[in-house]
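Under our numbering, residue 799 is the last one in the sequence shown; the count climbs by one each step, no gaps.
Glycine included, each C-beta is placed from N, C-alpha and C at the ideal position.
Because the structure is a prediction, the values reported are computed rather than measured.
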Amino acid sequence: MARLEFFGVRGSHPTPKLENLRFGGNTSCVVLYSDADPDGRFPVILDLGTGLTKFAVRQPLDGSFRGTALLSHLHFDHIQGLPFFSPIDRKGARLLIYGPSESGKPLSESLSTLIASPFFPVTLSDLSGEIIIGNVDTSEIVLDQPGEPKVFPQLVEHTNATFGFRIELDGKVIVYIPDHQAPSDGLTVKESVLDLCSGADILIHDAQYTQREFRKKSHWGHSTYDYALEIASRAEAKVLTFFHHDPCRSDEQLEEVERHYQNGNSISALHIFAAREGALIKI
Ligand SMILES: [Zn+2]
Ligand SMILES: [Zn+2]
């Protein structure tokens, strides 16, 4: 049984405020563990947003950290935790990062440009551990770690090069699409997206806007709750997780959204919930 843990569920930027304490204000970071790794020593980390700093406090600081990160894209809210990830600043620690090249620039070059002066006081190569950075395309990757997770990356619409990931682990399918531009009709779903999500045991999907908000922000790169539901139902997913919550959305509003979609869901087999920081889910 694979395990998923949410460390950052917010979109766009961190929102540390009282109104957000139940769902959390950290940006995208979800961690996946195989059943073959009961102690969680070989995590697959989905995005490196500020939630990564919350994940970091539970990790070893003796150089034994081993993990693999799948980076959906390069926006700040998905990488901001990386330079603060203390477990990798230890001799012997190792982090593999797979993510997109952008405008022909390898991922390693993009990250080294950003995590450097004048934007940040140290560079990735100043850290004591080993960070190995590879580009993804749409080819399958088999991760060399317990359970041998199979990763199928697929490009999805957003404002820049962005991947969604389908991960097959312990006989389950986990799909992660944190940022996804909904089409103007709110209905069209590309075949490639349906393939990515097909039969998912859990689909973690961008659900930043209500329909009303989307009318004003229809080109900002994100989805509505309804579009996430449209994809989940057409792909026959078993669980839909609303993710990448709008920074303005309070706990109260998120609970109301969750209730609305749980009560109004006509596809009885589909379970829906809104991602909460700190939630641990067994799949
Ligand atoms: Zn984002
Ligand atoms: Zn983005």
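- Per DSSP, Ala744 is one residue of the alpha helix (DSSP H) stretching across 741–750.
- Of the heavy atoms belonging to ligand 2, at least one sits nearer than 7 angstroms to the Cβ of His591.
- When the alpha-carbon of Gly541 is set against those of Ser766, Gln670, His696, Arg750, the nearest one is in Ser766.
- Residue Pro554 holds the alpha-carbon nearest to the alpha-carbon of Ala518 among Leu659, Pro554, Gly645.
- It is roughly 42 angstroms from the alpha-carbon of Ala698 to the alpha-carbon of Gly579.
- Counting along the chain, the unbroken beta strand (DSSP E) around Lys798 starts and ends at 796–798.
- Considered as a whole, the region 557–599 harbours 560–562, 582–586 as its complete beta strand (DSSP E) runs of no fewer than 3 residues, in chain order.
- The three-state reading of DSSP puts Cys545 in strand, counting E and B together.
- Judged by DSSP secondary structure, Asn779 falls outside any beta strand (DSSP E) and instead within the alpha helix (DSSP H) spanning 767–780.
- For Gly737, the distance from the CB to the nearest heavy atom of ligand 2 is below 7 angstroms.
- In this structure, Val691 and Arg682 form a Cβ contact; the two beta carbons are roughly 5 angstroms apart against a cut-off of 8 angstroms.
- Shown here, Asp722 sits in a strand according to DSSP, grouped into three states.
- No Cβ-Cβ contact shorter than 8 angstroms links Ser588 with Phe668.
- Between His738 and Tyr725, the C-beta spacing is below 8 angstroms.
- Closest by C-alpha distance to Phe601, out of Thr704, Phe522, Ser655, Lys570, is Lys570.
- Val658 sits in a strand when the DSSP states are folded into three classes.
- In this structure, the alpha-carbon of Gly615 lies about 10 angstroms from that of Leu627.
- Counting along the chain, the unbroken beta strand (DSSP E) around Arg610 starts and ends at 610–615.
- Residue state for Thr757 is assigned as strand, using DSSP reduced to three classes.
- Relative to ligand 1, the beta carbon of Gly620 is positioned no closer than 7 angstroms to any heavy atom.
- For a cut-off of 8 angstroms, the C-beta gap from Leu612 to Asn651 is around 12 angstroms, too long to register as a contact.
- Per DSSP, reduced to three states, the secondary structure at Lys732 is helical.
- The C-alpha of Asp660 lies about 32 angstroms from the C-alpha of Ile788.
- When the five nearest sequence neighbours on each side are left out, the beta carbons in the same chain lying within less than 6 angstroms of the beta carbon of Val755 are those of Ile718, His787, in order along the chain.
- Sixteen is the threshold: since fewer than 16 other Cβ atoms of the shown chains lie within 10 Å of the Cβ of Gln727, the residue is exposed.
- Close CB contacts of Thr675 within its chain, under the 6 angstroms cut and outside five residues either way in sequence, are with Gly737 (chain order).
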